[in-house]
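In the numbering used here, the protein residues as written are 158 to 417.
All residues carry an ideal CB built from backbone N, CA and C; glycine is no exception.
Below you'll find the structure, written out as structure tokens, and then a few comments.
Here's what the structure looks like:
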């Protein structure tokens, strides 16, 4: 997948921090990224796709037929410790749309041309399912994280109807593929922000956990509603602690104990 962070650190090691600060790696789809102290983000000055109807000509999908999966997984295996859990973390179709088009173009395309959005994200999801099918049979994966940040701190970016019509079937396809190929893999959904209105549907399609369960949601109500079905990963109000002057280890530990 040409991970931008991996490319960045390889470039940093070879060229040094000054050159690396201007380095803009591209992923396998052609999206340009930047990496700073906050981590990797799509380069805001680079928009790969402005018109959703042109996705077939603009977005590149690597060829999976004939790819040497055995050799690829042998390289991946070098980084893995059999004594530790192996996590497969990847960005889902909503993030792919935003990363390809930028927020404004992505939201406009959902309104003006949902059929083309559906076609593009369907092709993306099929591609990712192929990777899951080929890799999960070769490498034991303990933990699958589908990360699709569809909410801000205030509300979801899309309506529940739009989620159900467009994104829910794609998320289900991904979870179904994981469980078909690797039934023992634990399925986790990463959804930042105030996204609790989507959680009933996300549990329905096979998510076993929700992270990071930020506290602008009614985490306790979610926990009670899905007791025994959904593990809550998070539920810790760390925001004020991160910016508090003179925060001490003792205060942090006390806050963690209170949350638990």
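Within its chain, find whatever has a CB closer than 7 Å to the CB of residue 311; leave out the 5 residues flanking it on each side and keep chain order. 351
Thinking C-alpha only, which one of 273, 195, 242 and 223 is nearest residue 288? 223
Determine the burial state of residue 158: buried for a count of at least 16 other Cβ atoms within 10 Å of its Cβ, exposed for fewer. exposed
Throw me the rounded Cβ distance for the residue 338 and residue 294 pair, which I believe falls under 8 Å. 6 Å
Could you say which of 209, 236, 359 and 216 lies nearest to residue 263 if we only look at CA atoms? 209
The beta strand (DSSP E) with residue 343 in it runs from where to where? 343-347
Excluding sequence positions up to five away, which residues of its chain have a Cβ less than 7 Å from the Cβ of residue 401? none
For the beta strand (DSSP E) containing residue 190, list its first residue and its last residue. 190-193
Residue 212 versus residue 201: straight-line alpha-carbon distance, rounded: 19 Å
Classify residue 367: buried if its beta carbon has 16 or more other beta carbons within 10 angstroms, exposed otherwise. buried
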